[in-house]
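Q: Here it is, the structure, as structure tokens.
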Ligand code: PLP
């Protein structure tokens, strides 16, 4: 079965799916995106993702490419047409196609929309979570508006590539005060030696993760001690546990930071439990 993508109103073969060379996403990174997890035949937390998409679009003054309900319909169609049971669905909206010029294009230029979906292997994710991942720190070098989920991900690409070349699966940005902001494509968490779960507040410096929000709810319903505050890299080295969260990896234990073993070097009990319970705190839309 060939893969299918949705591009500006049409379902096309993925291999042939294309946008114009003067799409502003391509030329200026003038666009936003969302990634939803597909889990056991359900799309996870669609309302939350579309709320955040709405916010990103508003912050950049890009119109919705079509009604929100229509976007939701297309998400389902693309997942269904690709027969994805476990994996992700990706949506990207840009300011559209126009003659290259930094100024916004004329009002009649329609935003572009692309939706793709692909499968992932839940067994491989499980095996990784049982082992835990290594992260490698990187100086924070992004613009201050990381709260907007834009496709301008070059700093993230470079930070993650640096992590990979140094034996890690994720990068942790560290700001000029020594505090961890977030991962290259995840939010960052620690569990202190006294069992307090800590993550940075989402009012600045990080993306307000949808997975983060669900995990915060779980932490409350599980009665765990929790503090929303910045934590430093040196505090992370001393932590009992560390983990990262994102739609594509859910809750992923971190067992090494900059080559230093975290806790006992194995995935922690808190991270493991939050991972197990995760989907009980999410909205599931059957495809
Ligand atoms: N932070 C960054 C920079 C990200 O790119 C992502 C996800 O792509 C996240 C955090 C986690 O967000 P979410 O849980 O909504 O996937």
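In the numbering used here, the protein residues as written are 8 to 294.
Heads up, the beta-carbon is just placed ideally off N, CA and C, and yes, glycines get one too.
Do residue 29 and residue 76 have their beta-carbon atoms positioned less than 9 Å apart in this structure?
A: no
Q: Helix, strand or coil for residue 35, going by three-state DSSP, please let me know.
A: helix
Q: So, helix, strand or coil for residue 111, using DSSP?
A: The answer is coil: DSSP assigns residue 111 none of H, G, I, E or B.
Q: Heavy atom of ligand 1 less than 8 Å from the Cβ of residue 142, yes or no?
A: For residue 142, the shortest C-beta to heavy atom distance toward ligand 1 is 8 Å or greater.
Q: Are the segment 119 to 133 and the segment 10 to 19 touching, with three or more C-beta to C-beta distances below 8 Å?
A: Judged by Cβ distances under 8 Å, the segment 119 to 133 makes contact with the segment 10 to 19, as three or more pairs qualify.
Q: Along the chain, where does the alpha helix (DSSP H) containing residue 131 start, and where does it finish?
A: Under the DSSP assignment, residue 131 falls in the alpha helix (DSSP H) whose first and last residues are 129 to 138.
Q: Out of 287, 40 and 114, point me to the one whose CA is closest to residue 220's CA.
A: The residue with the shortest Cα to Cα distance from residue 220 is 287.
Q: Which same chain residues, not among the five before or five after residue 215, have their C-beta less than 6 Å away from its C-beta?
A: 209
Q: Taking 8 Å as the line, does the beta carbon of residue 59 fall inside it for any heavy atom of ligand 1?
A: yes
Q: Threshold first: 3 residues or longer. Then list the beta strand (DSSP E) segments lying entirely within the segment 142 to 209, N to C.
A: The segment 142 to 209 contains these whole beta strand (DSSP E) runs: 177 to 181, 187 to 190, 194 to 198 and 204 to 206.
Q: Have a look at 268, 256 and 263 and flag the residue whose alpha-carbon is nearest the alpha-carbon of residue 46.
A: 256
Q: So residue 110 packs on residue 102, CB below 8 Å; how close in whole Å?
A: That pair is no contact at about 11 Å.
Q: What's the call for residue 267, buried or exposed, on a 16-neighbour Cβ count within 10 Å?
A: exposed
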